Amino acid sequence: MKNIRGVAGIGIAAVAVLALAACSSNDTPAASSSSPAPAPAPASSSSAATSAGDGVTTNADVFGPACSGLPQGDAPGGLNAMGSQPVASAASTNPLLKTLVAAVQATNLVDPLNSAPSITVFAPADAAFTALGADKVAALVKDPATLAPILKYHVVPTRYDAKGLIAAGSVPTLDGDTAGTLKIGGTADAPTVNGNPVLCGNIPTKNATVFVIGKVLTPGTNKS
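Residue numbers (my numbering): 24 to 247.
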């Protein structure tokens, strides 16, 4: 996935704004000394807000009916192996995602996804592409300009776990051309994306949390 423009915007930008009140030069020492010093804000509240909801998961957090199709232990494509690799490399070993990997390679998105600092990926399983039909998939792979925005619609430039997605309710995607958003429904144990159930969720990789889904999502067709 090389030379794809617009991916530099991947990532989270957090900006803290501090307002400082200027002290009046006319204040007298007596007035200053008689005023109690303001109590500092608890340091723990800031750090908790920063660390909470970072979207990072572990093998113990993985759920869903299709998870049983993953290799076990340290086998390629298993949770232990995927967790140490960036997302595109991890997906390339996953037996549920062979067609997606081919599509990602065809659009030169491997490197941008691997180098993204912290993202969420909704990964259509092979059966989702099969439902499109072999001719449709072949045509898309030969037309990267059409395929790339569809794939970017499956990527969120913020890392979420299932609970975070449910709390967000709606999340923007990398499909900036159509300002695509995804609608999240269901529960943290059984979330849906644009009305489609997650088949295997909270899969950890080095830089992304992955949710395997059963349908190829189309920009502009989200629903609750």
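Virtual Cβ for every residue (Gly too), placed ideally from N, Cα, C.
Predicted, not measured: the structure shown is a model, and the values here were computed from it.
First and last residue of the uninterrupted alpha helix (DSSP H) at residue i
{"i": "G106", "result": "L102 to G106"}
{"i": "V239", "result": "Unbroken run through V239: none, as it is neither H nor E."}
{"i": "S112", "result": "V110 to A114"}
Under 7 angstroms between C-beta atoms of residue i and residue j
{"i": "K238", "j": "N225", "result": "no"}
{"i": "G192", "j": "I173", "result": "no"}
{"i": "P147", "j": "L123", "result": "yes"}
{"i": "F152", "j": "V216", "result": "no"}
{"i": "A185", "j": "P214", "result": "yes"}
{"i": "G87", "j": "L222", "result": "yes"}
{"i": "D212", "j": "P242", "result": "no"}
{"i": "K175", "j": "D149", "result": "no"}
Rounded Cβ spacing between residue i and residue j (contact assumed at less than 8 angstroms)
{"i": "H177", "j": "L119", "result": "Not really, about 14 angstroms apart at Cβ, beyond 8 angstroms."}
{"i": "T232", "j": "R182", "result": "6 angstroms"}
{"i": "L205", "j": "V179", "result": "7 angstroms"}
{"i": "T143", "j": "G209", "result": "Contact doesn't hold; Cβ gap of about 16 angstroms is too wide."}
{"i": "T116", "j": "G100", "result": "4 angstroms"}
{"i": "L163", "j": "A126", "result": "7 angstroms"}
{"i": "A98", "j": "M105", "result": "Not really, about 10 angstroms apart at Cβ, beyond 8 angstroms."}
Host beta strand (DSSP E) of residue i (start-end)
{"i": "L231", "result": "One detail in the question is off: residue 231 reads as Ala in this sequence, not Leu. Run containing A231: A231 to I236, per the beta strand (DSSP E) assignment."}
{"i": "A213", "result": "A213 to V216"}
{"i": "V194", "result": "S193 to P195"}
{"i": "V221", "result": "N219 to P227"}
{"i": "G92", "result": "Unbroken run through G92: none, as it is neither H nor E."}
{"i": "T210", "result": "T204 to T210"}
Next item on the list: Could you say if the stretch 105–121 and the stretch 134–150 meet the contact criterion of at least three C-beta pairs nearer than 8 angstroms?
Entry: yes
Note to self: Can you confirm whether the stretch 90–108 touches the stretch 127–136 when touching is taken to mean that 3 or more C-beta pairs between the two stretches lie within less than 8 angstroms?
What the structure shows: no
Next item on the list: At 3 residues or longer, and completely inside the stretch 123–187: list those beta strand (DSSP E) runs for me, N to C.
Entry: 142–147
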